[in-house]
Structures are given as C-alpha cells and as structure tokens.
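Novice: Dropping a structure here in structure tokens format, bear with me for questions.
In mature numbering (1 follows the signal peptide of the UniProt record, and there is no 0), the protein residues as written are -23 to -1, 1 to 746.
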C-alpha cells in the first residue's frame, strides 16, 4: 500500500494553543513521535505532526514512519549516522543531521524535506534539478483536499532545450510556464504585485531551479500550494485569526492549456474564436477549425525555400513557444541571434532570452512553433521566419529582417562539390558576411605549420588530425583525409552535411571545410583536453577523473545523443559512438564528434538496414553487427557500453578477469545479478563517489545494452533516468556478453590496431560475413 495514502508528515504554521506538544524542535535517536504529539521549530514558526495514527522514529539510518506492524516510509539514506537528529527548522524544513555537526552548514544535512516539496512551496525551497546529483525537486498535487495521496497534477522543470516548467495532468502536458525571461516566466500573470517576495531562477552547469524568498522578516508569511484541480494558490498567514487566507489564485484559462491552437497557431483570450493562425499561415484542416478543434494547427501558405530570400516578422507581447527543441546561448545578443537564425536553413524563429535592460541571450527554434499565447503586457518579442515574397504583403508595426542570396545559389553549391578548387565553410564565426567564407588551402597549411608532425594530435581511419592557429589567435583542429584512406568522398560529404545542420553544446562545432587541390579537409573547434579515450584510459590522467567529472560527461553525452535522435531537425543515428569520438573541451565538457558514418532520417523513420557494416566492435549492437539493422536503439547500446566503461575504468573488448572469460558487459551483468557491483567500480572513484548514484548509472547502462532492442530505453527516457530518482526496471541479459577464448583477448591486447587509442577517432569498416 502506498505510504502517502496512510500517513504523512505535515508542517503547518504554529497555532495559538498547542496540545500534547513536545516542547522541542528535535527528535533524537531512539525517540518516537506519536499521533497527537508535535514538535515546534525554535522560533515558534512551524509545527510538525500527523494526519492519522503512526509513529516517527529516528535511528542511525534516518527517519522512519511506521505503525506497530510495519515501516511505511523512510528517508532511505545510505549513510550511517553516529548521533542522528531530526530537527524542524524555522524555515519549515525538516532535516536529518548528525548532532555533532554544525547546524548552519546545509551540506551536513543527510536528508531534508525541502528536497521533496509535496504540494507546497515554501520560501527558500528549490523547485528544479540538481544536475550533479540528479535530484529532481517537483510539485505533486493531493488527490483531494482531505486525501494527501498522489493526485493528478505534477509541476516539474523540463531541462531540454531552454528550461521551462510544465504542469502535467496525468502523463499529458497541461500548462507550460514559458521560459524565464530574466524577470519572470514568459507571459505569466504577475503573482507578486505588492512586492512581498523576490523571485530567483538559477540556471548554470550545476543546477537549474526556481525559488522565492520573503523580502524581510516583517513581510507577510506566504506559501504556494497546488490544488487537486490544478490551480496555483498563494496563501498568506493571518496572525490575528491564526489561519491561512488565500492571497491570490492563479487559475488556468483557455489560452493556458498547452498547445490549444496547435503548430503556428496563436491564442488570444480576448478574441472569439480563441485561436488564429500566424500571419502567412492557414489552418491545416479547415473543417476541424470550423468545429472549434484547433489542435491540428496551421501550415505555411508559401513554403520556405532556403535558396531564395527570407526574412522575419516580429510579433510583440507573446508567450514564447515551447522551447524543448530550441537552441540557446546566453552570451549572444539579439542582432547576432537574428544572423545565426538567418544562416541556418532549418531555423524557424528566434527571440531574446533575457529582456532585462542590457540583457542578452539567444533562443533559436528549428521545429514547429507550438503553444503561443498572444497580446499580453507580460509577453516577449519573437521573430518568425518567412519567405521574402510574404513580407511586403503585411501592413503592421514590426521589424523585418531579410537575407540576400546570390542568384542560382543552388546550382553554385552543386558546382562547388564537383570542383577541386573550391572551399565551403559551413559555420563561419566572427564575421558580418553571411555568405560562406573562403578558407583556402594555403591558410590551413600556415595555421598548421605546413601540417607539421609536431602539431599532429592523432590519426584515425580518416587520416591525421592537426592542431592549428589562425591569424586571429583562434585554435582549430584540422582533420585531413589521407589520400589512401579507405574512407572516401562520400563519408567526407556525409560528415559535412550532417554536422552542418547541428547546433548543440554537446556536439563538436564544424567551422569549415576545403576541397582545394584535391584535398578533403574539415576544420573543427579545438578541444583542449583531446578525446575521452586518450584521457580516460591513460593510467595517470584517469586519476584526475573523479566521479563528478565522469557523471557530468555521462550527462553531456546523453543530452547530445538526445538532440541527435529527437530534437534536431533531422533524426540522426551516429553509428560510431565510442570513447575516442567523445571530445573534451577546456572545462571537460563532452562533445560528440565524427559523423562520417552517421545516417539522417526524416519524418517518423527510426531504423534502416544496410549491407555495409561500419563502426567499432565492442560498441556495436548485436542486431547491427549481425543483421545490418541500425536504429536509435543501436546508438543507445553504444551509449550503454560507454556508461559501464566510465564507471569501471575498463574497456569492453580488452577486459579480462581471472575468474571468467566474459567481456566487460558480461562481467557487469554477472556482478549485478550477484549483487557485487562494488567490485565493478573503478578504484579511483570508489572512495569519493556516491555509491547509490554509481549503482544507478550501472543499472541504466545495463538497460541500454539489453540484447533485445525493443527493451532498451530511448534517449529521452535515459536522460530522465539520469536526472531524476524514478524507479528503474530490472535489465535483461545484454547483447555480446558471452564468454570467448582468452587467447583471443590476448591477441587484441597485443595489437593496438584492433582498438581506437588516438586522441580523436577511428572507424573500422568491415564487410558482412
């Protein structure tokens, strides 16, 4: 039975008369708190007690909630506490700590109720994600006003794209806040007209969360509560009557319902009907719109053609569309943001992320614009891309950006690829000219000191990779296709066409390419820490890779792969994900590289077959290596191998064990079934890591490498598993884990050519048997 349906800890403001109260703010080891008893915070602000019969105990493992027959709920902490104390603070936070430690140090809290908000948000509570530990703090409504069991509504931060909050009803998105604009969430009504509290939205590499704080001690005491019907109420404590009074109710209106008007539709609460199409768009299914069903949205009257002139229409005072599939950069100003969108053929709109005076920040959309609410004083400006032929037909205030294209550009592009004396740059930076810049062979040769061996970073199946420096001091990595390389011009063009469409913090940036004098050269941003392979599997360098660094790398790779599979304009399957294809920047942030073997899908296609097997054994899924079938699930398999390698510090193919002949996947599977996961963890992180978190990552890795691809999670599920505490299913047996002869392992170990060990990448191309 669900513990929350029986008994819950309840924190309420102190009443004027306390009955059967323990006149202290703590429960010490072996003490009990029974129904009818309460504890009071030191300043008399909060009281804690029960809804129904039960007992609270504190022991060396944490706080337990129990009846005479069974333990119903516990904090389930893994740390043993010498002198455990459960203490109710004046903030309303119930904390579990060691009494010997300083109460003023939050880091010493073993557990705290503020990490599990329930249906209330108190001042100082964080609502959002800890990206380091994976803790997900979210709101869950009650089932009814007198039934505290889990209700229908959940308010949760979605970190994909530009972060925003979603109120879900069951599993469906119900209401979206819109992104934080530097002052408040986009287009949300003002909930703080009298300035009795301050809002804060923290957004960095470690955590993303919202919280509010009271202005001062004389401010009204308030709390937010989500009702069983999905309304948000702000309650204020009335000291005279000793009750909570409703200060404000934020109800869900028609235009607040997520996606009411569909793609490219805009909702106006003051209009009838509520929905209309953006200018230049018409209903996709007019007959449905006549029946007041707007969910199918709108389509363009004139299709966008990137070979012709395009520009932007400015909409003022709107709730920005869903940002889950957006790209953002907080250091880019609005003018540069427009130019970035104009340059990318897939970009559909752009907006300023921060509306404060002097604020910058750029958001780009690459998919349909969904959930736009219009004509409000709390809205923002958005610039929607349109064909130039449509721009002159609109007579309204606004701003129009136009791009100038050369005649017959499409034909010229074809000629470029046929010619050996031309160069195309795909992602020029620091220039105002939006035509592709010319990077000639001489400039590349000068940048690399004429391809000096002293500048060589490594060599893979593609050819050598060199470090270079441009005249302006920018460091670059130059990948030069070897004349006798087994990889041909098709792979070269494939990498160019794939990566040119991508923009994500966890994907390597392609700066340009050159085909002059028969050369096939790719120019990338330089990665100061080379590849994960070169750093992680070096015994000395690996010691610097503590668990937090590894966990950040795991999450970064997962987000990059999610973008490829789901959030980019085209669905891209990498097909060669491995440690040597993960590059690390100056701050050890991972970036997926080498798209020479990638395949792009349009629409709903998710899998395909091939007679040409490419990739690297040890990372390839069984259905791909044996049958030539690849899909998003084959990339998930490769990711699972990477997870287990990062935790163990061992390579899958070169792994050996004195007690068996299993590869690393087999050893992990054996350790999981025998409950011996400690023996799998790299000794370098064994003492400093969060064991529960590491065990969870291993289990996620095993879920990813399951033999049956239908049982593997997709990357959106993997990211959720990594960033939350959701319960994980038990994995089934992995693919390619069976025993093999040790002499084969020794052969692999003695011949480095079987493995990629350079600083960048290698791709093994093998014929089908």
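Positions of the beta carbon are idealized from the N, C-alpha and C atoms, including for glycine.
Can you tell me which of 487, 665, 214 puts its alpha carbon nearest to the alpha carbon of residue 200?
Specialist: Residue mapping note: residue 200 aligns to position 223 of the chain shown, counting from 1. Looking at the Cα atoms, 214 is the closest of the given residues.
Novice: If you run the structure through DSSP and keep just helix, strand and coil, what is residue 12?
Specialist: Along the chain shown, one-based indexing puts residue 12 at 35. Residue state, collapsed to three classes: coil.
Novice: In whole angstroms, give me the CA-to-CA distance for residue 398 and residue 604.
Specialist: Walking along the chain shown from the start, residue 398 turns up at place 421. Walking along the chain shown from the start, residue 604 turns up at place 627. A caution first: residue 398 carries a pLDDT of 29, below 50, which makes its placement in the model too unreliable to give a value.
Novice: Which residue marks the beginning of the beta strand (DSSP E) containing residue 567, and which one marks its end?
Specialist: The residue you call residue 567 lines up with position 590 of the chain shown. Start and end: 567 to 569.
Novice: Quick check: what's the CA-CA separation for residue 234 versus residue 245?
Specialist: Working through the chain shown from its first residue, we reach residue 234 at position 257. Working through the chain shown from its first residue, we reach residue 245 at position 268. Each residue's alpha carbon lies about 12 Å from the other.
Novice: Give the single residue among 120, 479, 547, 492 whose Cα lies nearest to the Cα of residue 203.
Specialist: In the chain shown, residue 203 corresponds to position 226, counting from 1. Among 120, 479, 547, 492, the Cα nearest to that of residue 203 belongs to 120.
Novice: Given a cut-off of 8 Å on the beta-carbon distance, is the pair residue 554 and residue 485 in contact?
Specialist: Here residue 554 refers to the residue found at position 577 when the chain shown is read from its first residue. Here residue 485 refers to the residue found at position 508 when the chain shown is read from its first residue. Result no, Cβ atoms of residue 554 and residue 485 do not sit closer than 8 Å.
Novice: Look at the Cβ atom of residue 330, then the Cβ atom of residue 307, and state whether they are nearer than 8 Å.
Specialist: Counting from one through the chain shown, the residue named residue 330 turns up at place 353. Counting from one through the chain shown, the residue named residue 307 turns up at place 330. Yes, the Cβ-Cβ distance between residue 330 and residue 307 is below 8 Å.
Novice: So for residue 617, helix, strand or coil by DSSP?
Specialist: Locating residue 617 in the chain shown gives position 640, counting from the first residue. Three-state result, residue 617: helix.
Novice: Return helix, strand or coil for residue 423, following the three-state DSSP convention.
Specialist: Counting from 1 along the chain shown, the entry for residue 423 is found at position 446. Helix.
Novice: Considering only C-alpha positions, which residue in the set 86, 298, 231, 211 is nearest to residue 344?
Specialist: Locating residue 344 in the chain shown gives position 367, where the first residue counts as 1. Checked all of 86, 298, 231, 211; the closest Cα to residue 344 is 298.
Novice: Taking residue 20 as the reference, which of 64, 6, 60, 40 has the closest Cα?
Specialist: Sequence index remark: in the chain shown, residue 20 carries index 43 (1-based). Closest option to residue 20, Cα to Cα, is 64.
Novice: Using CA coordinates, which residue listed in 617, 688, 637, 691 is at the minimum distance from residue 673?
Specialist: Counting from 1 along the chain shown, the entry for residue 673 is found at position 696. For the residues 617, 688, 637, 691, the minimum Cα distance to residue 673 belongs to 617.
Novice: Within 10 angstroms of the Cβ of residue 379, are there 16 or more other Cβ atoms? Answer buried if so, exposed if not.
Specialist: Counted from its first residue, the chain shown places residue 379 at position 402. Reliability of the predicted coordinates at residue 379 is poor, the pLDDT of 41 falling under 50, and no value is obtained from them.
Novice: Kindly indicate which three-state DSSP category residue 263 falls into: helix, strand or coil?
Specialist: As a first step, residue 263 must be located in the chain shown, where it is residue number 286. Residue 263 falls in the helix class under three-state DSSP.
Novice: Measuring alpha carbon to alpha carbon, tell me which of 265, 217, 359 ends up nearest residue 292.
Specialist: The count along the chain shown starts at 1 and reaches residue 292 at position 315. Cα-wise, what sits closest to residue 292 is 359.
Novice: Kindly indicate the opening and closing residues of the alpha helix (DSSP H) around residue 673.
Specialist: Working through the chain shown from its first residue, we reach residue 673 at position 696. Unbroken alpha helix (DSSP H) run through residue 673: 668 to 681.
Novice: Flag this pair as touching only if the segment 86 to 100 and the segment 176 to 183 have three or more C-beta atom pairs under 8 Å; answer yes or no.
Specialist: No: fewer than three Cβ pairs fall under 8 Å.
Novice: Assess contact between the segment 683 to 690 and the segment 113 to 133, defined as three or more Cβ pairs (one per stretch) separated by less than 8 Å. Is contact present?
Specialist: In short, these stretches do not touch, since the Cβ pair count stays below three.
Novice: For residue 110, I'd like the list of residues in its chain whose CB is within less than 8 Å of its CB, leaving aside the five on either flank, ordered along the chain.
Specialist: As a position in the chain shown, residue 110 is number 133, starting the count at 1. Closer than 8 Å at the Cβ level, and outside the excluded window around residue 110, lie 667, 670.
Novice: What's the call for residue 653, buried or exposed, on a 16-neighbour Cβ count within 10 Å?
Specialist: Looking up residue 653 in the chain shown gives position 676. Looking at its Cβ environment, which holds fewer than 16 other Cβ atoms inside 10 Å, residue 653 is exposed.
Novice: In this structure, how does DSSP classify residue 372 when only helix, strand and coil are distinguished?
Specialist: Indexing the chain shown from 1 puts residue 372 at position 395. Below a pLDDT of 50, predicted positions are generally treated as unreliable, and residue 372, at 36, falls in that range; the measurement from the model is reported next regardless. Coil.
Novice: Round the Cβ separation of residue 139 and residue 154 to the nearest angstrom and send it over; I've been treating them as touching at under 8 Å.
Specialist: Stepping through the chain shown from its first residue, residue 139 is reached at position 162. Stepping through the chain shown from its first residue, residue 154 is reached at position 177. The Cβ separation is near 12 Å, so there is no contact.
Novice: Residues in the same chain with beta-carbon distance under 7 Å from residue 300, minus the five sequence neighbours each way, listed in chain order, please.
Specialist: The sequence position of residue 300 within the chain shown is 323, counting from 1. Excluding positions up to five away in sequence, the list reads 138, 139, 141, 156, 340.
Novice: Rank 197, 210, 225, 226 by C-alpha distance to the C-alpha of residue 217 and give the top, closest one.
Specialist: Mapped onto the chain shown, residue 217 falls at position 240. Here the closest residue by C-alpha is 197.
Novice: Who are the Cβ neighbours of residue 278 in its own chain at under 7 Å, not counting the five residues just before and after it?
Specialist: Here residue 278 corresponds to residue number 301 of the chain shown, with the count starting at 1. Contacts found: 257, 258, 259.
Novice: Shorter than 7 Å, the distance from the beta carbon of residue 25 to the closest heavy atom of the ligand HEM, or not?
Specialist: With respect to the ligand HEM, the structure offers nothing, as it holds no ligand at all.
Novice: Given residue 207, which residues of its chain have a CB within under 8 Å of its CB, disregarding the five upstream and five downstream residues?
Specialist: Residue numbering aside, residue 207 sits at position 230 when the chain shown is read from its first letter. Within the same chain, residue 207 has close Cβ partners 118, 129, 130, 144, 146, 151, 152, 229.
Novice: Check residue 234 in the structure and name its three-state DSSP category.
Specialist: Translated into the one-based positions of the chain shown, residue 234 becomes position 257. It is a strand residue.
Novice: If you pair each beta-carbon of the segment 701 to 714 with each one of the segment 632 to 645, do three or more pairs fall below 8 Å?
Specialist: Yes, since at least three Cβ pairs between the segment 701 to 714 and the segment 632 to 645 fall closer than 8 Å, the two stretches touch.
Novice: Could you give the first and the last residue of the continuous alpha helix (DSSP H) run that contains residue 604?
Specialist: Indexing the chain shown from 1 puts residue 604 at position 627. Here the alpha helix (DSSP H) through residue 604 covers 599 to 604.
Novice: Kindly indicate which residue of 148, 186, 149, 173 has the alpha-carbon position closest to the one of residue 750.
Specialist: Since the first and last residues shown for the chain are -23 and 746, residue 750 lies out of range.
Novice: Residue 349 by DSSP, collapsed to three states: which one?
Specialist: Mapped onto the chain shown, residue 349 falls at position 372. Three-state result, residue 349: strand.
Novice: Please state the DSSP three-state secondary structure of residue 519.
Specialist: Counting from one through the chain shown, the residue named residue 519 turns up at place 542. Residue 519: helix per DSSP, three-state reduction.
Novice: Give a yes or no on whether the C-beta atoms belonging to residue 255 and residue 241 are separated by under 8 Å.
Specialist: Counted from its first residue, the chain shown places residue 255 at position 278. Counted from its first residue, the chain shown places residue 241 at position 264. Result yes, Cβ atoms of residue 255 and residue 241 sit closer than 8 Å.
Novice: Give the DSSP-derived three-state secondary structure of residue 282 in the structure shown.
Specialist: Residue mapping note: residue 282 aligns to position 305 of the chain shown, counting from 1. Of the three classes helix, strand and coil, the one that applies to residue 282 here is coil, per DSSP.
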